[in-house]
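*Asks:*
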Amino acid sequence: MTAIMAGPVVEGAPHDHDVNEDGELIACVVCDALHTVPTIPPKAALRCVRCGNVLLRSPGPALDRILASAFTTVILVVSALFFPFLQISASGFTSATTLVETAFAFKGGLTTPLTFVLIFTIIVLPIIRALALTWAVMPIRLNLRPLPQAKAAFRLANLLRPWSMIEVFIVGVVVALVKIGGMAKVGLGLAFWELLLILIIVILEATSLCEKTIWRILERKSRY
Amino acid sequence: MAHSGTEKQVLTAREAGLLGCGTCGRVSPKGTTVCPRCETPLHSRRPGSIEKVWAWWLAGIFAYIPANLYPMLRTSFLGREQDSTIVGGVIDLIHHGSFLIAAIVFFASVIIPVSKFFAVGYLAWTVKGRAHISEHQRTVLYEVVEFVGRWSMIDVFVVAVLAALVNLGFVVNFKPGIAAFFFALSVAFTMISALSLDPRLIWDNSTGDGASDE
Ligand SMILES: [Zn+2]
Ligand SMILES: [Zn+2]
Chain A
1 MTAIMAGPVV EGAPHDHDVN EDGELIACVV CDALHTVPTI PPKAALRCVR
51 CGNVLLRSPG PALDRILASA FTTVILVVSA LFFPFLQISA SGFTSATTLV
101 ETAFAFKGGL TTPLTFVLIF TIIVLPIIRA LALTWAVMPI RLNLRPLPQA
151 KAAFRLANLL RPWSMIEVFI VGVVVALVKI GGMAKVGLGL AFWELLLILI
201 IVILEATSLC EKTIWRILER KSRY
Chain B
1001 MAHSGTEKQV LTAREAGLLG CGTCGRVSPK GTTVCPRCET PLHSRRPGSI
1051 EKVWAWWLAG IFAYIPANLY PMLRTSFLGR EQDSTIVGGV IDLIHHGSFL
1101 IAAIVFFASV IIPVSKFFAV GYLAWTVKGR AHISEHQRTV LYEVVEFVGR
1151 WSMIDVFVVA VLAALVNLGF VVNFKPGIAA FFFALSVAFT MISALSLDPR
1201 LIWDNSTGDG ASDE
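The structure is reproduced here in structure tokens:
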């Protein structure tokens, strides 16, 4: 991806025209430096002259990746809910676990509140976030007018971003498997490979999503 | 620094008498209360940012102490019960010869949380005082802290998977310990602390050359 520099707004430059149309301005969210926004060529990222933070990106494949990530998250999390994604056996005993059973592992005793933490971080929030992203981004991808409450949906998706921890959970599953390795024979269910697939797709989405770019598109599409 | 000259010329939205949105970057005239693009409340700098950072930071440290003192996991293997703390679990992994996994758990449960306390504390401290590293380096530090914080939850998930999955009668069983609760609290508090920091504050006292000699 090529990086192009936005024009910095220097002292004394006129800024009293409409700051969001011709000669559109954007402020860096990291350092507040003002920039004029040029036409962004495909595959380019507009960077802040002061701190180097990405101001805007050409959307490129980002919309497709967001949608791909949202679809796989919903389908795979839902399918791992009740189907075992791990199975182990030792000395004639076998046991298996589903996503729901794992979320309830802390039930009983002083760790009960953690049950809610798990239900939310690995099941509820990833699904809500995926649905909200689809609601906000799908019409843009299809070149349609945004759906009602599209902005609220996108705001919700960004708010939930740090708290939707399905990919962290998947790494936790791998670590748990190694811990068990010495004591029992481990069988990987289909859902385990599905979870691994989510990990890759979610990381791909995280690296291509530029919140500010989507906001700018959402504003423009809502107007016309 | 080589680009100190250009940095001094840069005009910020605040200096231009405008409001830059901290979420989407849209520029609005002074007096606008809600960003027309993303509909979040507009502030030139988020109010009470540093106070919130310190409050959640302290809460995170307080929760991290019992998280390390109490057992994270109770293992019963062939009838023998054994409690292990976070660090104890890492030592067990080393004894089993799983060095890579021991390193991952140690990194996620000890190195990340502890260095996060130092990093967030340093960033909040240097907003009003002097910094030994440039604004640029502090911005990188801020971004790293924001990115890695949630990965500390790995150990809590490991305990959940072990307790849910390993239920092999007499052979081996796992039960979660109370430390998992404190640890999750600590991770959440520190995440909120880092999220409360308005990164624009890092740049506000910029001298242009990134050093503290002014
Ligand atoms: Zn910047
Ligand atoms: Zn905004």
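Line order of the protein sequences matches chains A and B.
For the first sequence, the residue numbers in this note's numbering are 1 to 224.
For the second sequence, the residue numbers in this note's numbering are 1001 to 1214.
Beta carbons: idealized from backbone N, C-alpha and C, even for Gly.
Got a sec, what are the start and stop residues for the beta strand (DSSP E) A/A136 sits in?
*Replies:* As a first step, residue 136 of chain A is located in the first sequence; it is residue number 136 there, counting from the start. Per DSSP, A/A136 belongs to no beta strand (DSSP E); it is in the alpha helix (DSSP H), 125 to 141.
*Asks:* How many whole angstroms separate the CB atoms of A/R155 and B/T1040, which I take to be in contact at a CB cut-off of 8 Å?
*Replies:* Working through the first sequence from its first residue, we reach residue 155 of chain A at position 155. Working through the second sequence from its first residue, we reach residue 1040 of chain B at position 40. Going by Cβ atoms, the distance from A/R155 to B/T1040 rounds to 7 Å, so yes, they are a contact pair.
*Asks:* Between the alpha carbons of B/C1035 and A/F116, how many angstroms are there, rounded?
*Replies:* For the purposes of this step, residue 1035 of chain B is taken as residue 35 along the second sequence, with counting starting at 1. For the purposes of this step, residue 116 of chain A is taken as residue 116 along the first sequence, with counting starting at 1. Each residue's Cα considered, the two are about 33 Å apart.
*Asks:* Can you tell me whether B/R1046 sits near ligand 1, meaning its C-beta is under 7 Å from at least one heavy atom of the ligand?
*Replies:* Counting from 1 along the second sequence, the entry for residue 1046 of chain B is found at position 46. For ligand 1, not one heavy atom lies less than 7 Å from the Cβ of B/R1046.
*Asks:* If I follow the unbroken alpha helix (DSSP H) through A/V175, where does it start and stop?
*Replies:* Taking the first residue of the first sequence as position 1, residue 175 of chain A is located at position 175. Start and end: 166 to 181.
*Asks:* Roughly how many whole angstroms lie between the Cα atoms of B/R1045 and B/V1161?
*Replies:* As a working mapping, residue 1045 of chain B is identified with position 45 in the second sequence. As a working mapping, residue 1161 of chain B is identified with position 161 in the second sequence. Computed Cα separation, rounded: 42 Å.
*Asks:* Excluding the 5 residues flanking A/C51 on each side, which residues of the same chain have their C-beta closer than 8 Å to its C-beta?
*Replies:* Within the first sequence, numbered from 1, the residue matching residue 51 of chain A stands at position 51. Correct list, in chain order: C28, V30, C31, A33.
*Asks:* As a quick exercise: from B/K1128, B/V1171, B/I1178, pick the residue whose alpha carbon is nearest that of B/I1050.
*Replies:* As a first step, residue 1050 of chain B must be located in the second sequence, where it is residue number 50. Of the candidates B/K1128, B/V1171, B/I1178, the one whose C-alpha sits nearest the C-alpha of B/I1050 is B/K1128.
*Asks:* For the region 1158 to 1172 of chain B, list every residue whose C-beta sits within 9 Å of some C-beta in chain A, in sequence order.
*Replies:* Against chain A - using a Cβ distance shorter than 9 Å - the residues of the region 1158 to 1172 of chain B are V1158, V1159, A1160, V1161, L1162, A1163, A1164, L1165, V1166, N1167, L1168, G1169, F1170, V1171, V1172.
*Asks:* Listed by chain order, which residues have C-beta atoms less than 5 Å from any heavy atom of ligand 1?
*Replies:* Result (chain order): A/C28, A/V30, A/C31, A/A33, A/C48, A/R50, A/C51, A/N53.
*Asks:* For A/L98, name the three-state secondary structure that DSSP assigns.
*Replies:* Taking the first sequence and counting its residues from 1, one reaches residue 98 of chain A at position 98. The sequence given here has Thr at residue 98 of chain A, not Leu. Coil.
*Asks:* Hey, is B/T1023 close to ligand 2, as in C-beta under 7 Å from one of its heavy atoms?
*Replies:* Start at 1 with the first residue of the second sequence, and residue 1023 of chain B comes out as number 23. B/T1023 Cβ: within cutoff of ligand 2.
*Asks:* Please state whether DSSP places B/H1136 in a helix, a strand or coil.
*Replies:* For the purposes of this step, residue 1136 of chain B is taken as the residue at position 136 of the second sequence. Residue state, collapsed to three classes: helix.
*Asks:* If distances are taken between C-alpha atoms only, which option among B/G1089, B/Q1082, B/V1144, B/F1099 comes closest to B/A1067?
*Replies:* On the second sequence, residue 1067 of chain B is found 67 positions in, with the first residue counted as 1. That would be B/G1089, whose Cα lies nearest to the Cα of B/A1067.
*Asks:* Counting contacts by CB-CB distance shorter than 8 Å, is A/F93 in contact with chain B?
*Replies:* Counted from its first residue, the first sequence places residue 93 of chain A at position 93. For A/F93, the answer is yes, since a Cβ of chain B falls inside 8 Å of its Cβ.
*Asks:* Pull up the DSSP beta-bridge partners for B/V1114, would you.
*Replies:* To locate residue 1114 of chain B, count along the second sequence from 1; it is residue 114. Answer is none; B/V1114 lacks a bridge partner.
*Asks:* Take B/L1018 as the anchor and find which of B/G1025, B/L1058, B/P1029, B/L1011 has the nearest alpha-carbon.
*Replies:* The count along the second sequence starts at 1 and reaches residue 1018 of chain B at position 18. Nearest C-alpha to B/L1018: B/P1029.
*Asks:* Run the proximity test for B/T1040: is its beta-carbon closer than 7 Å to any non-hydrogen atom belonging to ligand 2?
*Replies:* Start at 1 with the first residue of the second sequence, and residue 1040 of chain B comes out as number 40. Yes, ligand 2 has a heavy atom inside 7 Å of this Cβ.
*Asks:* Mind checking whether B/A1188 and B/V1145 have CB atoms under 8 Å apart?
*Replies:* Indexing the second sequence from 1 puts residue 1188 of chain B at position 188. Indexing the second sequence from 1 puts residue 1145 of chain B at position 145. The answer is no: Cβ separation not under 8 Å.
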